Amino acid sequence: MKQSITLNKITKFVGFGFLGTLKSIFTGNIEKEDFKNFLRKVIVPLASMLLFIGLWHMGAKTLFNIEAEYKIEKALTEQGQEAANAMEACIASGAIKCQPNTLPSPSQVWASFQTLLEDHLVIRADKAAFIEKTASLNAKRLSDGKNAITYTGRPSFVDQIFTSIKTVFAGFFLALLIAVPIGVVIGLSKTLRSSVNWLIQILKPVSPVVWLLLVFMIVKTLTKNSESDSAFIISFISVGLCSMWATLVNTAMGVSTVDKDYINVAKVLKLGTFQKIFKVILPSALPLIFTGLRITLSVSWMVLIAIELLAQSPGLGSFVWEEFQNGAIDSNSKIIVAMFIIGGIGFLLDRIMLTVQNMISFDKNDGI
Amino acid sequence: MSIITENRTTTVLDNGLFPSNEVMLDLKGLKKVYPTPKGDYVVLEDLNLQIRKEEFVTIIGHSGCGKTTMLSMIAGLNPISGGNISVLGKYIKGPGPDRGVIFQSPSLMPWMTALQNVLLGVNQVFPDATKTQRNDIAKYYLQKVGLEDAFNKRASELSQGMQQRVGIARAFAIKPKVLLLDEPFGMLDSLTRGELQDILIEIWNKEKITAVMITHDVDEAIFLADRVVMMTSGPKAKIGDVLNIDFERPRTRKSVLEHDDYYKYRKHLIDFLEH
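So the sequence lines, in the order shown, correspond to chains A and B. Note that numbering that gives the first Met the number 0 has the first sequence beginning at 0, numbered continuously upward. Note that numbering that gives the first Met the number 0 has the second sequence beginning at 0, numbered continuously upward.
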């Protein structure tokens, strides 16, 4: 019994409270209230998910038919009845060369997902074989003072996911390091706040693309003579700059709107400035700071794709762009796979932030 | 005033004031003005009040008459527009731990435990004490308010009444010269309020810290106070009347309620308020 309580606590803590109910269904001790909760939190979302997939399927089918009819029509007007019949048969047979290019159906996307996973396994095996093969050579090269030979083959889909996550976290921490201290400082001083207010309001709505170009101008010059990975540097700095505004504004607001009662207590006790900031103001501003950080993380994930795409930096963004340029028969479904992966990871990142928030902040949040 | 016979052994000088060595808190010609677009709004004017050492004074008056303004001026949280306030003959400058405040809302830091909340003040007032000593002080006062089982509970997990107990412990633990209470029990239900009045008076009997308390509750005013100060309605509020409560200390609720003078006092206060 005690164990299940802790499980409930943990799942609630990370914002997956429904898992607790799921468990009590399997163990059989479920109460009416629990069941209602379960219905609301699990069954209904699942049902709407299924409904979404159904609508998608039907939509994809309609689009497919429109595209197919158009192809047959075109064959008929340009090449005559025979070609039209051949085209119709070809489409019906599912041959790759004459498939209409349109929104892929859920089953196609699922198939592409599996293809991508298999592809990843192949590349991983390839990489492992390469490392094994070059191990002795590399050891020799290193002892001779030369650089080791590294694997330069195509990255798999999963590799690109990890590259993207790395970029997002680098950008996120950059945003955190810039925005939280500045937010605290301008939150504390009314004069400073009004002096930078315009600047913030002007910079906040600037598009990710413009940030990227700006960062590109600066980083290009700064990294002229170094061998660092400038694409990565450019993309993570741009991600950080795009996403830090929510944290900056929320931190400033949290710090400037600390409950007057707390400030009065600090005044009566004559707390020093340092103590006042760290014992009273910051803890009380934490919920808002975390709200800002959650927005920042989701924004950085959102702008990442666009930035990677433009910065020629490897990752999910360039994956999507390459697939789009590629135009293979399963490119469209691969793009949609990437879309779901991006969404799913975004959701997970938000849950991670929520968990951290619940661990640090006094304000408990169940994540809706 | 005339109906009450003063049989307390205190010296009152010819000019109606107390001898200066007995005065803890002295308000002279106190004035508070809030500038508004339609001209100045005078909340308090020419308010004079002397409070002796180890005296418990309650202040009663209609809402908005400026009681809280006066108290926050004594606390140093609200600037003085005219006149002056002195504690033991020294003019006050801003807030300080010599004047402890128990606020209307408990005002605990919700992210700290009960103990940490009390320690926040204790650490500040006794910087030279060892950590154990400071812990002992904080724990002593938390025990006094009946929270020996809740040292490590977060303030946000405590009920309103328990939070205000921590507020009381925090205020007493910094050993202020004057204790200022701004309707501390106003937000509590009547049962809890009674409990907390008992706790407050019990600690106060031991510590005898000069106290000024605002209240809306006539019975509370009589039960706790040596003197009840009645304020006239604003604007330009001042002290309308002062009533000495001559019950012996330590008091119990029962002995107070059964005392012959109780209803006389009560009638006096209510007559003033309904006037």
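Quick reminder that beta carbons are idealized off the backbone N, C-alpha and C, glycines included. Remember, predicted model here, so these are calculated numbers, not experimental data.
Cβ pair residue 94/A, residue 86/A closer than 7 Å: no
The region 311 to 330 of chain A touching the region 220 to 237 of chain A, judged by at least three CB pairs closer than 8 Å: yes
Under 7 Å between C-beta atoms of residue 166/B and residue 105/B: yes
Cα-Cα separation between residue 246/A and residue 104/A, rounded to whole angstroms: 39 Å
Residue ranges of each alpha helix (DSSP H) within the region 293 to 362 of chain A, 4 or longer: 315 to 325 and 330 to 359
Test: residue 286/A CB closer than 7 Å to a CB of chain B: no
Range of the contiguous beta strand (DSSP E) that encloses residue 239/B: 238 to 243
For residue 190/B and residue 0/A, the rounded distance between their alpha carbons: With a pLDDT of only 45 at residue 0/A, under the threshold of 50, the placement of this residue in the model should not be trusted, and no figure is reported.
Residue 1/A at chain B interface by Cβ criterion, 7 Å: Low confidence applies here, because residue 1/A scores a pLDDT of 48, under 50, leaving its location unreliable; read the following figure in that light. Not one chain B Cβ lies under 7 Å of residue 1/A.
7 Å Cβ cutoff met for residue 170/B and residue 141/B: no
Proximity below 7 Å, CB of residue 228/B to CB of residue 238/B: yes
Within 7 Å, strictly: CB atoms of residue 211/B and residue 256/B: no
CB contact below 7 Å: residue 281/A versus chain B: no
Whole alpha helix (DSSP H) elements within the region 91 to 149 of chain B, 4-residue minimum: 113 to 124 and 130 to 143
Sub-7 Å separation of residue 304/A and residue 316/A beta-carbons: yes
Cutoff 8 Å; reference residue 401/A; Cβ partners in own chain excluding five residues on either side: The question about residue 401/A has no answer here: the residues shown for chain A are numbered 0 through 367.
Within-7 Å CB hit, residue 185/B to chain A: no
Pairwise C-alpha distance: residue 147/A and residue 141/A: 6 Å
Presumed contact (8 Å Cβ cut-off) between residue 266/A and residue 94/B, rounded CB distance: 4 Å
Where residue 190/A sits in the DSSP three-state scheme: helix
Other residues of its chain near residue 82/B: CB distance less than 6 Å, five sequence neighbours each side excluded: 27, 28, 29 and 30
Within-7 Å CB hit, residue 355/A to chain B: no
For residue 254/A, the nearest candidate out of 183/A, 262/A, 338/A and 32/A (CA to CA): 183/A
Collapsed DSSP secondary structure at residue 210/B in the structure displayed: strand
Within 7 Å, strictly: CB atoms of residue 167/A and residue 297/A: no
Chain B within 7 Å of residue 116/A, Cβ atoms only: no
Terminal residues of the beta strand (DSSP E) in which residue 186/B lies: Note, residue 186/B: premise wrong, no beta strand (DSSP E); not H, not E.
Any chain B beta carbon closer than 7 Å to residue 263/A: yes
Given residue 216/B as reference, the closest of 265/B, 122/B and 39/B once Cα atoms are compared: 265/B
Candidates 235/B, 198/B, 172/B and 259/B: closest to residue 80/B by CA position: 235/B
Neighbour flag for residue 158/A against chain B, beta carbons, 7 Å: no
Bridge partner(s) assigned by DSSP for residue 26/B: 48/B and 84/B
The region 107 to 122 of chain B / the region 147 to 161 of chain B touching (three or more Cβ pairs under 8 Å): yes
Local Cβ density within 10 Å of residue 0/B, reported as buried at 16 or more and exposed below that: At residue 0/B the pLDDT is 38, less than 50, meaning the model places this residue with poor confidence; the figure from the coordinates comes in the next sentence. Exposed.
C-beta neighbour in chain A for residue 120/B, strict 7 Å: yes
The region 188 to 205 of chain B: positions lying closer than 8 Å to chain A by Cβ: none
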